[in-house]
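Numbering (my numbering), first residue to last: 9 to 220.
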Amino acid sequence: MGRMQIALVDYKAGNLRNVQKAVERLGQTASVVRSGAELSGMDAIILPGVGAFGQGMENLTAAGFVEAIRREVLEKGKPLLGICLGMHLIGEIGYEGGVIQGLNLLPMTVPRFNTAGCGVRLPHIGWNSVDVMPSSRLFKGVPQGGDFYFAHSYHVVCEDDSIVSARCDYCYSFVAAVERENIFATQFHPEKSQRYGLRVLENFLGYCEAGV
């Protein structure tokens, strides 16, 4: 892979260093950016994070990231990878603590798991196997049923099933990953998911490099 300028968005939602180290293991460098203005010179964007939807959007807004991400991703076509909370925030609406507008990059809403009658606990934490869609670019080289690490109480619901690239089961089937054109996102943490997680990141970086 050639060297790319990869932005790792810091909006005070943590989980930056693990993602940065995983990217470094794959031979690339991810630069932490703390304002939307810094995105213009970047080739690709990674939006990680853990925590609450509302606080995440507040922090993105305060740092000027909302319009900058929409411009760079939707208008300029730069690749974006959302991870966990980052996946939630690229949707339209989150329902954590009210009805909160997201980045509106993909037609998704983010409800809380409905675990009534399932006998499972929230948050959903730990390793789970995923069912991969055969056409997925993110999961190229990942076997069906590969295990990934999850930690969440909310999940995305897609209006358009064609953007779903993987599903997982926890009480019921939910979306584990999405992809559409230059936008990708995973509910699991690829940076904590060992070799299959690294393969997903490698596939994303390969897509980014092809477009540089």
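We treat Cβ as the ideally placed atom computed from N, Cα and C, and that holds for glycine.
> Start and end of the beta strand (DSSP E) containing THR194?
Replying inline: First-last of the beta strand (DSSP E) with THR194: 191-194.
>> With H, G and I counted as helix, E and B as strand and the rest as coil, what does DSSP make of GLU32?
In response: Residue state for GLU32 is assigned as helix, using DSSP reduced to three classes.
> Three-state secondary structure (DSSP) at ASN136?
Replying inline: It is a strand residue.
>> Considering Cα atoms alone, identify which of ARG25, VAL150, LEU89 is closest to GLU189.
In response: Residue LEU89 is the option with its Cα nearest to GLU189.
> How would you call ALA45, buried or exposed, if buried means at least 16 neighbouring beta carbons within 10 angstroms?
Replying inline: The residue is exposed, with fewer than 16 neighbouring Cβ atoms inside 10 Å.
> Pick from ALA76, ALA60, GLN28, PHE158: whose alpha carbon is nearest that of HIS132?
Replying inline: Nearest C-alpha to HIS132: PHE158.
> Quick one: Cα of LYS86 to Cα of MET95, how far?
Replying inline: LYS86 and MET95 have their C-alpha atoms spaced approximately 16 angstroms apart.
>> Tell me which residues share the same chain as ASN26 and place their Cβ nearer than 6 angstroms to its Cβ, disregarding the 5 neighbours each side in the sequence.
In response: Cβ neighbours of ASN26 beyond the five flanking positions: GLU199.
>> Strictly by DSSP, which residues pair up with ILE101?
In response: For ILE101, which the question treats as bridged, DSSP gives the partners GLN109, THR117.
>> Does the region 162-180 come into contact with the region 65-74, if we say contact requires no fewer than three beta-carbon pairs (one atom in each stretch) closer than 8 angstroms?
In response: The region 162-180 is not in contact with the region 65-74.
> So, is TYR162 buried or exposed, given that buried needs 16 or more other C-beta atoms within 10 angstroms?
Replying inline: By the neighbour-count definition (other C-beta atoms within 10 Å, threshold 16), TYR162 is a buried residue.
> Going by beta carbon distance, what residues of the same chain come within less than 7 angstroms of GLY72, once the five residues before and after it are set aside?
Replying inline: Excluding positions up to five away in sequence, the list reads SER43, GLY44, ALA45.
> Under three-state DSSP, which class holds GLU187?
Replying inline: When DSSP states are grouped into helix, strand and coil, GLU187 belongs to the strand group.
> Quick one: is ASP18 buried, meaning 16 or more other Cβ sit within 10 Å of its Cβ, or exposed?
Replying inline: Residue environment for ASP18: buried (at least 16 other C-beta atoms within 10 angstroms of its C-beta).
> Does the Cβ of LEU47 have 16 or more other Cβ atoms within 10 Å, making it buried, or fewer, making it exposed?
Replying inline: Per the 10 Å Cβ criterion, buried.
> For SER39, which beta-bridge partners are listed by DSSP?
Replying inline: DSSP lists ALA15 as partners of SER39.
>> Check whether the region 144-158 and the region 103-119 are in contact - that is, three or more C-beta pairs closer than 8 angstroms.
In response: These segments do not touch.
>> Measuring only the C-alpha atoms, how far is TRP135 from CYS92?
In response: CA-to-CA, the gap between TRP135 and CYS92 works out to about 14 angstroms.
> Per DSSP, ASP155 forms a beta bridge with which residues?
Replying inline: Partner residues in the beta bridge of ASP155, as assigned by DSSP, are SER137.
>> Closest to GLU217 by C-alpha separation, out of GLY35, THR123, VAL140, would be which residue?
In response: Taking only the C-alpha atoms, the option nearest GLU217 is GLY35.
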